[in-house]
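Chemist: Okay, handing you the structure first.
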Amino acid sequence: MTVTKLKNGKWLVDISDGYSHLTGERIRHRKKGFKTRKEAEQYEADYKINQLHQVRPKDRLSIAYLYSLVRQEDELRGNKRGTVDTQESYYTQYVSKFFANADMKLITINDVKEYRDWLIQTPSVKGGTLSNSHINQQIIFIHKLFEVAIAKRFRTDNPCNGLKRLPEQHKEMSYYTPEQFKIFDSCFTEDEYRYQLLYRVLMFTGARLGEALALTWNKVNLNENYIDIVYSAYYRKNQVHIGTVKTTQSRRRIYIHSAFAEELKQWKEQQKELLSEFTDDLESLQIFQDSPEILTSANVSNFKTKLKKRLPENMKMIRNHDFRHSHAAFLISQGLRNGEGKDYIFFTLMKRLGHSSINTTINVYSHLFPTQQKEVANAFDYF
1 MTVTKLKNGK
11 WLVDISDGYS
21 HLTGERIRHR
31 KKGFKTRKEA
41 EQYEADYKIN
51 QLHQVRPKDR
61 LSIAYLYSLV
71 RQEDELRGNK
81 RGTVDTQESY
91 YTQYVSKFFA
101 NADMKLITIN
111 DVKEYRDWLI
121 QTPSVKGGTL
131 SNSHINQQII
141 FIHKLFEVAI
151 AKRFRTDNPC
161 NGLKRLPEQH
171 KEMSYYTPEQ
181 FKIFDSCFTE
191 DEYRYQLLYR
201 VLMFTGARLG
211 EALALTWNKV
221 NLNENYIDIV
231 YSAYYRKNQV
241 HIGTVKTTQS
251 RRRIYIHSAF
261 AEELKQWKEQ
271 QKELLSEFTD
281 DLESLQIFQD
291 SPEILTSANV
301 SNFKTKLKKR
311 LPENMKMIRN
321 HDFRHSHAAF
331 LISQGLRNGE
341 GKDYIFFTLM
351 KRLGHSSINT
361 TINVYSHLFP
371 TQQKEVANAF
381 DYF
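The sequence shown runs 1 to 383 under full-length UniProt numbering.
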């Protein structure tokens, strides 16, 4: 029997692939983790078709089998859990439904366009319709599926090539000025310090939320006044996953001002008094913890709903990522005030924010230089 049920309720596929010409031993292909017998049997059939060539070449390449190959590639490459989970969401909610009966060997660019048109008309699970940005990300995933098909020699071309991205409407950047942040910072109660500290970290360092939530004391140097950004926290299905940061450039050292370093020193001592009975490894504690439970992005989202009601009527609540923009806007204003050139400011920001390219920094923040367009026009005075 090549399909068997395991003790944990999942299903195992165990396929014989003849004997090794080198060792003489039987070659077996095993894969476990299937939720149903039907999924396991479908994988077995697809594997025999596409890997063992036990049936005619005209038999189809199913989307289920192609997706399983992508999952294998992700496991081999050690791709981030967040990326894998997002792909699973795309596959489960959309891709598997549209391509349920398709032969992925024969899909054309027109079929991919039809899928994209279908996405445009399909309601989002959160309500409303899918954004162009979301649809573009799904097409990138479809492109990845076909790249794996090419690598496995099921196809010679990628039908996504030549398909242009849908135009995206970028969200308007919002940020707090130092004065606005001080008002925001005054809205916390004494027992909400862990949230207050989190937003101070976001404002004073420009770190991403996931990077901040992964911060432990062993990545904070309070003698030299810096933090090392190495990991990022990711929350999904009621579980926290800690992985490496977004890109190689995201791994960085951020220096903090002395007053904030002093605040962290004092808090670290208070945290020690609160949590020393629960752990001997205080250096591995998340820096925001005031209980044995760590602070998660879900906690933050729930808290923001409550905090929003305390803000003055003329002040809006900005997104968590906008505190990163607030950090950048403040540094730009300081740089301009000090007479620093734009190139220097952009380069400094790129390093501090962990952007993978200076172009990213320029594209995101160039509009914060109010006189830049005038300078470009005035250059023609010397034409």
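Where is the CB? At the ideal position from N, CA and C, for every residue including glycine. In this text, all values refer to a predicted model and were calculated from it rather than measured experimentally.
Rounding to the nearest angstrom, what Cα-Cα distance links residue 170 and residue 326 in this structure?
Modeler: The straight-line gap from Cα to Cα measures roughly 17 Å.
Chemist: Cβ atoms of residue 139 and residue 120: under 8 Å apart, would you say?
Modeler: No; because the gap between Cβ atoms is not below 8 Å, this pair is not in contact.
Chemist: If you follow the alpha helix (DSSP H) that residue 205 is in, where does it begin and where does it stop?
Modeler: From DSSP, the alpha helix (DSSP H) with residue 205 extends over 193-205.
Chemist: If I measure Cβ to Cβ from residue 234 and keep anything under 7 Å in the same chain, skipping five residues before and after, which residues do I get?
Modeler: Closer than 7 Å at Cβ, skipping near neighbours: 81, 82, 210, 241, 243.
Chemist: Could you have a look at residue 321 and say whether DSSP puts it in helix, strand or coil?
Modeler: Here residue 321 sits in coil by DSSP.
Chemist: Let me know the secondary structure DSSP gives residue 16 once reduced to three states.
Modeler: Strand, per DSSP.
Chemist: Does the pairing of the region 193-201 with the region 337-354 give three or more beta-carbon distances under 8 Å?
Modeler: Judged by Cβ distances under 8 Å, the region 193-201 makes no contact with the region 337-354, as fewer than three pairs qualify.
Chemist: Taking the straight line between their C-alpha atoms, what separation do you get for residue 213 and residue 70?
Modeler: Each residue's Cα considered, the two are about 29 Å apart.
Chemist: Skipping 5 residues on each side, what residues in its chain have a beta carbon closer than 7 Å to that of residue 367?
Modeler: None.
Chemist: Give the C-beta separation of residue 130 and residue 66 to the nearest angstrom, bearing in mind that I take them to be a contact with Cβ-Cβ under 8 Å.
Modeler: No, residue 130 and residue 66 are not in contact; Cβ-Cβ is about 22 Å, not under 8 Å.
Chemist: Going by DSSP in three states, residue 230 sits in which element: helix, strand or coil?
Modeler: Looking at residue 230 - three-state DSSP - the assignment turns out to be coil, as it is neither helix nor strand.
Chemist: Starting from residue 77, follow the beta strand (DSSP E) in both directions and report where the run begins and ends.
Modeler: No beta strand (DSSP E) contains residue 77, which is instead part of the alpha helix (DSSP H) from 63-77.
Chemist: Is the Cβ-Cβ distance between residue 302 and residue 202 less than 8 Å?
Modeler: Against a cut-off of 8 Å, the Cβ pair of residue 202 and residue 302 comes out as no contact.
Chemist: Which residues mark the beginning and the end of the alpha helix (DSSP H) in which residue 137 is found?
Modeler: From DSSP, the alpha helix (DSSP H) with residue 137 extends over 132-151.
Chemist: Look at the Cβ atom of residue 10, then the Cβ atom of residue 34, and state whether they are nearer than 8 Å.
Modeler: Yes, Cβ-Cβ distance for residue 10 and residue 34 is below 8 Å.
Chemist: Distance check for residue 84 and residue 224, CA to CA, integer angstroms please.
Modeler: Near 37 Å, if we compare the C-alpha coordinates of residue 84 and residue 224.
Chemist: Look at the Cβ atom of residue 141, then the Cβ atom of residue 115, and state whether they are nearer than 8 Å.
Modeler: No, the Cβ-Cβ distance between residue 141 and residue 115 is not below 8 Å.
Chemist: Note down, in chain order, each residue of its chain lying with its Cβ closer than 7 Å to the Cβ of residue 105, except the 5 sequence neighbours on either side.
Modeler: Closer than 7 Å at Cβ, skipping near neighbours: 60, 61, 154, 155.
Chemist: Residues in its own chain within less than 7 Å of residue 222 by CB, not counting five upstream and five downstream?
Modeler: Result list for residue 222: 261, 264, 265, in chain order.
Chemist: From residue 328 to residue 293, what does the alpha carbon distance come to, in whole angstroms?
Modeler: Each residue's alpha carbon lies about 31 Å from the other.
Chemist: Measuring straight from C-alpha to C-alpha, what distance separates residue 311 and residue 322?
Modeler: Near 16 Å, if we compare the C-alpha coordinates of residue 322 and residue 311.
Chemist: Does the distance from the C-beta atom of residue 200 to that of residue 232 stay below 8 Å?
Modeler: Result no, Cβ atoms of residue 200 and residue 232 do not sit closer than 8 Å.
Chemist: Output needed for residue 143: all residues of its chain with C-beta closer than 7 Å, excluding positions within five of it in sequence on either side, in chain order.
Modeler: For residue 143, where only same-chain residues beyond five positions count, the Cβ hits under 7 Å are 158, 160.
Chemist: Just mark residue 276 as buried or exposed, buried being the case when its beta carbon has 16 or more other beta carbons within 10 Å.
Modeler: Per the 10 Å Cβ criterion, exposed.
Chemist: When you compare only the Cα positions, how much space is there between residue 282 and residue 288?
Modeler: Whole-angstrom Cα-Cα distance: 12 Å.
Chemist: Could you give the DSSP three-state label for residue 254: helix, strand or coil?
Modeler: Reduced to three states, the DSSP call for residue 254 is strand.
Chemist: Between which two residues does the beta strand (DSSP E) harbouring residue 33 extend?
Modeler: Start and end: 26-34.
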